[in-house]
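Enquirer: One structure is given below, represented as C-alpha cells, and several questions about it will come after.
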C-alpha cells in the first residue's frame, strides 16, 4: 500500500467515522418507517391507467434502482482511486459497494418483473430497451464479483478495478437508453409531460432517501467486515512468519 496523502487520510477518516456512527442506523430506521407510512398512507395506486395495489411496488422499485445506480457509481470511483493510489480502503469500498449495488440491481429486476406482470401482463419483454440494458448491468457486475472471488491478491484487485471502471459505462447507458431508443414499456418520465407513470412525489422521494440510507448502512457493514478480514489476514501472516523463523539456539 502506498503512503497516503493528507487529503486521502482526511477522506478515509471521514468515511470511517460515517460508517461507524450509530446515527446512521437510527436515521435509516426512522426514514424507512416514514417511507412505509407514506407509501401505504398517501401514495397513489393509479399508474398507466390502471388502479391496483401492485403499483405501490413502484416506489420501492424506483428507490432500489436509484440506490443501485449510486452504489455502482461509488464502485467506479473506488476502482479509480485504488488504481491511482493502491490504498486498500478504496479497494474495500469499491468491492463492498459493488456487492450492495449488485443486490439492489437484482431486487430492482425482481420488483420490476412482479410489477410488470400485473400492469403489462408480462414478466419480461426482450424488446424493452431499459429491461435489456439493466439486465446487462446485472451480468457485468456479476462478473465483477466473480473476479474478486478468484482471490484477494493485488493482481486480482487491480484486474477487478480495471473491469469495474470499464463496466461502469453500462450504468449511464441503461439510464439514457429510453431517450436513445424507443422503449416498449419504460417511457421516459423525467422531463416528459405526457408520461402516464404518475407518482406521489413525497412518497417517492422518501423511498429514494430510505433506499439510499439502507445502501449506506449495508456499505458501512461490508467495509468494516473487509477491514477486519484484512487485519486478521495480516495477523495470521505475521504469526506464520514468526513460527517459520529459526530459534535462537539453531
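Residue numbers (full-length UniProt numbering): 1 to 250. Idealized CB from N, CA, C, for every residue including glycine.
1) What three-state label does DSSP hand residue 199 in the structure shown?
2) Looking only at its own chain, which residues have a Cβ that is under 8 Å from the Cβ of residue 198, when we skip the five neighbours before and after it?
3) Report, in whole angstroms, the separation of the C-beta atoms of residue 71 and residue 97, which I expect to be a contact under 8 Å.
4) Looking at chain B, is there any beta carbon in it that lies within less than 9 Å of the beta carbon of residue 162?
5) Give me the Cα-Cα distance between residue 232 and residue 222, rounded to the nearest whole angstrom.
6) Closest to residue 270 by C-alpha separation, out of 102, 122, 179 and 127, would be which residue?
7) Identify the residues that DSSP records as bridge partners of residue 51: which are they?
8) Please report the residue range of the alpha helix (DSSP H) in which residue 172 lies.
9) Below 8 Å on the Cβ atoms is my contact criterion, and I expect residue 24 with residue 100 to pass it. Report the Cβ-Cβ distance as a whole number of Å.
10) Rounded to whole angstroms, what is the Cα-Cα separation between residue 63 and residue 18?
11) Can the beta-carbon of residue 67 be found closer than 9 Å to that of residue 208?
12) With DSSP run on the structure shown, which of helix, strand or coil describes residue 99?
13) Whose C-beta lies closer than 6 Å to the C-beta of residue 161 among residues of the same chain, with five residues either side of it excluded?
14) Using a threshold of 9 Å, state whether the C-beta atoms of residue 73 and residue 168 are closer than that.
15) Would a C-beta distance cut-off of 9 Å place residue 133 and residue 177 closer than the cut-off?
Expert: On the basis of the coordinates in this document:
1) Numbered from its first residue, the chain shown carries residue 199 at position 199. The answer is coil: DSSP assigns residue 199 none of H, G, I, E or B.
2) Residue mapping note: residue 198 aligns to position 198 of the chain shown, counting from 1. 44, 46 and 47, listed in sequence order.
3) As a first step, residue 71 is located in the chain shown; it is residue number 71 there, counting from the start. As a first step, residue 97 is located in the chain shown; it is residue number 97 there, counting from the start. Going by Cβ atoms, the distance from residue 71 to residue 97 rounds to 5 Å, so yes, they are a contact pair.
4) This model lacks chain B altogether; it includes just one protein chain.
5) Locating residue 232 in the chain shown gives position 232, where the first residue counts as 1. Locating residue 222 in the chain shown gives position 222, where the first residue counts as 1. Those two C-alpha atoms are separated by around 15 Å.
6) Nothing in the structure corresponds to residue 270, since the chain is present only between 1 and 250.
7) In the chain shown, counting from the first residue as 1, residue 51 sits at position 51. DSSP output for residue 51 lists 46 as bridge partner(s).
8) Residue 172 sits at position 172 when you count from the first residue of the chain shown. Taken as a continuous stretch (DSSP letters only), the alpha helix (DSSP H) holding residue 172 covers 170–180.
9) Residue numbering aside, residue 24 sits at position 24 when the chain shown is read from its first letter. Residue numbering aside, residue 100 sits at position 100 when the chain shown is read from its first letter. About 14 Å separates the two Cβ atoms, so there is no contact after all.
10) As a working mapping, residue 63 is identified with position 63 in the chain shown. As a working mapping, residue 18 is identified with position 18 in the chain shown. Between residue 63 and residue 18, the C-alpha separation is close to 22 Å.
11) One-based indexing of the chain shown puts residue 67 at position 67. One-based indexing of the chain shown puts residue 208 at position 208. Yes; because the gap between Cβ atoms is below 9 Å, this pair is in contact.
12) Along the chain shown, read from residue 1 onward, the residue named residue 99 stands at position 99. The answer is helix: DSSP assigns residue 99 an H, G or I state.
13) Residue mapping note: residue 161 aligns to position 161 of the chain shown, counting from 1. Once the five neighbours on either side are set aside, the close Cβ partners of residue 161 are 79, 82 and 83.
14) Start at 1 with the first residue of the chain shown, and residue 73 comes out as number 73. Start at 1 with the first residue of the chain shown, and residue 168 comes out as number 168. Cβ atoms of residue 73 and residue 168: closer than 9 Å.
15) The count along the chain shown starts at 1 and reaches residue 133 at position 133. The count along the chain shown starts at 1 and reaches residue 177 at position 177. Contact flag set, yes.
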